[in-house]
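To keep things clear, I will list the structure first and then write my remarks on it.
There are 2 protein chains.
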Amino acid sequence: MALTPKLQALIESLRRLPGVGPKTAQRMALHLLERDRDAALMISESLAAAARDIGECQQCHSLSETEVCDICQHPGRDRSTLCVLESPIDLMVIEQTGGFSGLYFVLGGHLSPIDGIGPEELGIDQLLARLDQGEVRELVLATNPTVEGEATAHYIAEQLGDLDIKVSRIAHGVPVGGELEFVDGGTLAHALAGRRLMERGQ
Amino acid sequence: MALTPKLQALIESLRRLPGVGPKTAQRMALHLLERDRDAALMISESLAAAARDIGECQQCHSLSETEVCDICQHPGRDRSTLCVLESPIDLMVIEQTGGFSGLYFVLGGHLSPIDGIGPEELGIDQLLARLDQGEVRELVLATNPTVEGEATAHYIAEQLGDLDIKVSRIAHGVPVGGELEFVDGGTLAHALAGRRLMERGQ
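Here the protein sequences come in this chain order: A and B.
For the first sequence, this note's numbering gives the first residue as 62, with consecutive numbering after it.
For the second sequence, this note's numbering gives the first residue as 62, with consecutive numbering after it.
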C-alpha cells in the first residue's frame, strides 16, 4: 500500500531530476513533507517561474529572461573575443572562473549526424553571419574535449574561409591540482605535446 | 556574472533538497530548463499539491490526504497488531516488503531529552490510550536499531504496566545477502545471540 496518491506523484516527478533514482526521490519527498515544507513551496515556485520566464538570448543562445542577455548587453565586455560553447552550463562554469571577459555563442550541442544534428541545428550560419560583421577578432572554440566536440570545433574553423580572424582552441593538459599517476594517457600525451617553455629567472 | 536571477533562485532552492550541493543543483536546474521543461512543470505542480494537501492521519500520524489514512481505514488490515515506527518513510519501506498486514503508529522521531523531545512530543499518551481500548493484542516496536531508537522502544515497553499485550521488537541480525566479513561486530554479536534452531528435514 502506497502512502498517498499525491506523495506517489511527487516521488514519480522527482525521479525526472538527473541522477535521482527511486530511493533518492522517496527520501527527498519525505524530507520536504516532514521537515521542510517551506523548501517544497520555494522549489515549486522557483521552478514554475524559471520555466515560464527563462528563454533564449537572441544573440548568444544562452538562457536569458530578456530578449538579449545581460552578458551580451554589458558595456564592459570585450566584444572582439567570442567564445563558442556547447551549452549554457559551460558558460556558467567559465563565468565562475572570472577569467574571460569576452562574449559567448552557445551552440546548444555538437554536430551529430546520426541524431540529425547538423550545422543549422547548432546555429552555425548565424555564428558565421556575426563573424562577417567584422567586430570579432578572435574566436575561442571551447566545445567539449570529446570526439564530437573536437569535430564541431574543426568544422567551425574550416567554415571561416579567408576571414581575417584568429581562431583558438582551449588547451588540453593535466588538470591543476591533479596527480600525473591518475591522468589518462590521451590527456598526458596532449599535455606533453603542448608543453611550454618556462621562465628561468635571472 | 550569473546567468539570470530566476535561474539563480532556482539553483538556490534546489540546494534545499537533501544531499544536493551547489554543483548538483546547478546541473539539475540547467537540465530541466534546457532539456526537460515538462518535468520542471510537473515537479513544480506535484510539490505544490503535496505541500497543500498532505497532512497527518489522526490515528497513526503518518502522512495522509484524508483525516484518517487509507491503511487505518482498510477493512482487510489486522487491527490486533500495531507496529510502532519513528517516521512515515519507515512505514513506506515496511509496506513495500508486503510482509506486514497490521496497523501502524508513527512517533515522528525518538526520545531525545537534549532536543526537548519527550513522550508527549511523540504522542506516546495517545498510543497508550489506544492500547487501553483493548483491540490491540500485539505491539511490534520497530523503532530504529540505534541507541535512541532502542531507548524509545524500552520506554514504551515499560509504560505498558499490566496491560495484557504481547510486545515484540524487530530482530537484529545479519542482513540478507550480505557477507559476514563486512558485518559490524555489534550486529554479528546480536545475530549469534539471537540464533534460531533449523529444521533438520526427515
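Virtual Cβ for every residue (Gly too), placed ideally from N, Cα, C.
Here the structure is a predicted model, which means the values were calculated and not measured.
Beta-carbon spacing of residue i, residue j below 8 Å
i, j, result
"P206 (chain A)", "H233 (chain A)", "yes"
"R140 (chain B)", "E211 (chain B)", "no"
"L200 (chain A)", "V154 (chain A)", "no"
"I72 (chain B)", "A90 (chain B)", "yes"
"K227 (chain B)", "R198 (chain B)", "yes"
"K67 (chain A)", "E219 (chain B)", "no"
"L188 (chain B)", "F166 (chain B)", "yes"
"G184 (chain B)", "L168 (chain B)", "yes"
"L105 (chain B)", "S123 (chain A)", "The amino acid at residue 105 (chain B) is misidentified as Leu; the sequence shows Ser. No; because the gap between Cβ atoms is not below 8 Å, this pair is not in contact."
"A112 (chain B)", "L102 (chain A)", "yes"
Residues that residue i bridges to, as DSSP identifies them
i, result
"S173 (chain B)", "B:I178"
"G163 (chain B)", "B:D139"
"V201 (chain A)", "A:C144 and A:S229"
"E117 (chain A)", "A:L124"
Inter-residue Cα distance where the pair is residue i and residue j
i, j, result
"D176 (chain B)", "P83 (chain B)", "29 Å"
"R76 (chain A)", "A110 (chain A)", "21 Å"
"A252 (chain B)", "G246 (chain B)", "10 Å"
"I150 (chain B)", "A254 (chain A)", "55 Å"
"M259 (chain B)", "V235 (chain B)", "16 Å"
"L108 (chain A)", "A70 (chain A)", "17 Å"
"T65 (chain B)", "C130 (chain A)", "8 Å"
"D225 (chain A)", "L192 (chain A)", "10 Å"
"A114 (chain A)", "L93 (chain B)", "Correcting the residue identity first, residue 114 (chain A) is Asp in this sequence and not Ala. Distance between the alpha carbons of D114 (chain A) and L93 (chain B): 13 Å."
"A190 (chain B)", "I178 (chain B)", "20 Å"
"I249 (chain B)", "R96 (chain B)", "Looking at the sequence shown, residue 249 (chain B) is not Ile but Leu. One C-alpha to the other measures close to 48 Å."
"T213 (chain A)", "A203 (chain A)", "10 Å"
"S173 (chain A)", "G159 (chain B)", "47 Å"
"C118 (chain B)", "Q134 (chain B)", "10 Å"
"Q120 (chain B)", "E147 (chain B)", "15 Å"
"R138 (chain B)", "P180 (chain B)", "27 Å"
"R88 (chain A)", "V81 (chain B)", "12 Å"
"A86 (chain B)", "D223 (chain A)", "43 Å"
"L241 (chain B)", "I231 (chain B)", "20 Å"
"E209 (chain B)", "S74 (chain A)", "34 Å"
"L143 (chain A)", "G239 (chain B)", "56 Å"
"I132 (chain A)", "Q157 (chain B)", "51 Å"
"P136 (chain B)", "R98 (chain B)", "42 Å"
"L221 (chain B)", "G116 (chain B)", "29 Å"
Delimiting residues of the alpha helix (DSSP H) encompassing residue i
i, result
"T127 (chain B)", "Segment: none, T127 (chain B) is in no alpha helix (DSSP H) and carries neither H nor E."
"S105 (chain B)", "R98 to D114"
"S229 (chain B)", "Per DSSP, S229 (chain B) belongs to no alpha helix (DSSP H); it is in the beta strand (DSSP E), K227 to R230."
"L188 (chain A)", "I185 to D193"
"E73 (chain A)", "P66 to L75"
"C133 (chain B)", "D131 to Q134"
"P149 (chain B)", "P149 to T158"
"V237 (chain A)", "Neither: V237 (chain A) is in no alpha helix (DSSP H) and is coded neither H nor E."
"L249 (chain A)", "G246 to A254"
"V81 (chain B)", "Element bounds for V81 (chain B): n/a, residue is neither H nor E."
"G210 (chain A)", "V208 to Q220"
Start and end residues, beta strand (DSSP E) containing residue i
i, result
"D139 (chain A)", "D139 to L146"
Neighbourhood of residue i by C-beta distance below 6 Å, restricted to the same chain and skipping five residues each side
i, result
"S229 (chain A)", "V201"
"E128 (chain A)", "Q119"
"Q194 (chain B)", "none"
Closer than 7 Å: residue i CB and nearest the ligand SAH heavy atom
i, result
"V237 (chain B)", "This structure does not include the ligand SAH; it has no bound ligands of any sort."
Cut-off 8 Å between Cβ atoms - residues of its own chain near residue i, not counting five sequence neighbours on either side
i, result
"V244 (chain B)", "V235, P236 and A252"
"E182 (chain A)", "G169 and G170"
"Y216 (chain B)", "L172, P180 and I185"
Within chain D, partners of residue i - CB distance below 8 Å
i, result
"E126 (chain B)", "Considering every chain present, this structure includes no chain D. Its protein chains are A and B."
Sequence-distant residues of the same chain with beta carbon closer than 7 Å to residue i, five excluded per side
i, result
"L152 (chain B)", "S123, L146, Y165 and V167"
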